[in-house]
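Structure first, commentary second.
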Amino acid sequence: MNILLDKIVSRLEKAEISSPRLEARLMLGKACGISADEAVLLRRELSAEEETLLEEMLEQRLAHKPLDKILGSKGFYKYDFTVNGNVLSPRPDTEIIVEEALKLLDFDITQNIADFGTGSGCILLSLLAENKRWQGQGVDKSEAALKVAAENAAALGVESQVSWINGSWFDEDFCQNLKTPLDMLVSNPPYIPSAEIAGLDAEVKDYDPLSALDGGADGYEHYRQIACLAPYLLKDGGHVVLEVGLGQAQEVNNIFAEQGLCPVRIVPDLSGIDRCVILKK
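For the sequence shown, my numbering gives the first residue as 14, with consecutive numbering after it.
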């Protein structure tokens, strides 16, 4: 029996932390510089430095700081991505954007892919890692987020395939900064109605950037702007692949269709929620 690990689990359980045993293993492993599996077998006493680091992580987690932002990384698709308070924590539901995009991209030729609101770069970089021919443009109005994305690109060895644009699709000169035409535009834009943000879980509203959450009064502000630009940015036959929130899929589909794009399909995530909207020019 690992008494230390059991004590950590008990503290996490009292704070109603989900998956307390897994999280305890991960934090203990991080503190000791070993894997989570090795942490289960740990029988030695911790050094003073390890004890301090472990306690600091525990206090943060008990305050409901997301585990990935304590550990500094989060698994997404096939890879681990550096994360911090400047970027949205990657969600498993978002992996469907990568999976659906890969079904549409041509593996035999160069593809020009733009990611609007790239954050950590998890969507765009996961795509570029699949094919050295593909080129990407990661757009974010947060310079701090782009630094995280650039770090992740270097870690995946795709930095030569990607360029970064520090700006917003609401900027008047935005289109001038993009290399067009695009074969694909992917985006997980802010889509939570402004009035609903205060009611979000503490792990989201207190630790994810507000700019990555706030979708305006009705949650569709960013979709409407991107839809206005998409026809001018995409090549004929190019695709838009979007993440949407609960109950938003059909309205987002309509917003883009009104700008002349052709609906392709709406795809549910693993929970059965319509999560991915795909359209074609």
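Every residue gets a Cβ at the ideal spot worked out from N, C-alpha and C, and that includes glycine.
Query	Result
Straight-line Cα distance separating Phe183 from Gly273	20 Å
Leu67 and Ala52 closer than 8 Å at C-beta	no
Sequence-distant residues of the same chain with beta carbon closer than 6 Å to Val290, five excluded per side	Leu255, Val257, Ala262, Val265, Asn266, Ile279
C-alpha distance - Lys78 paired with Tyr236, whole-angstrom precision	29 Å
Inter-residue spacing [alpha-carbon to alpha-carbon] between Val152 and Asn165	15 Å
Backbone secondary structure at Gly88 - three-state DSSP	strand
Per DSSP, the bridge partner or partners of Phe129	Val152, Ser200
Cβ-Cβ separation, Val96 to Ser102 (assumed contact under 8 Å), whole Å	6 Å
Simplified DSSP assignment, three categories, for Val257	coil
Nearest residue (CA-CA) to Leu55, options Ala61, Leu41, Thr65, Glu62	Leu41
Helix, strand or coil at Thr95 [DSSP, three-state]	strand
Buried versus exposed, by CB contacts within 10 Å (16 or more), Asp221	buried
Own chain, CB closer than 6 Å to Val253, minus 5 neighbours either side, in chain order	Leu198, Ala243, Leu292
Rounded C-alpha distance that separates Val22 from Glu72	13 Å
Burial state of Ile296, where buried means 16 or more other Cβ atoms lie within 10 Å	For residue 296 there is no data in the structure shown, the boundaries of the chain being 14 and 294.
Residue burial classification, Glu113 (beta-carbon count within 10 angstroms, cutoff 16)	buried
Whole-Å CB distance - Leu195 paired with Asn125, under 8 Å assumed	5 Å
Cα-Cα separation between Asn99 and Pro202, rounded to whole angstroms	15 Å
Exposure label - Ser133; buried when at least 16 CB within 10 Å	buried
Whole-number beta carbon distance between Gly130 and Ser200, since they are thought to touch under 8 Å	6 Å
Beta bridge counterpart(s) of Ile177 as assigned by DSSP	The question names Ile, yet the displayed sequence has Trp at residue 177. DSSP lists Gly151 as partners of Trp177.
Among Leu115, Asp119, Leu39, the one whose alpha carbon lies nearest that of Gly85	Leu39
Per-residue burial, Ala37 [other beta carbons within 10 Å of its own, 16 or more giving buried]	buried
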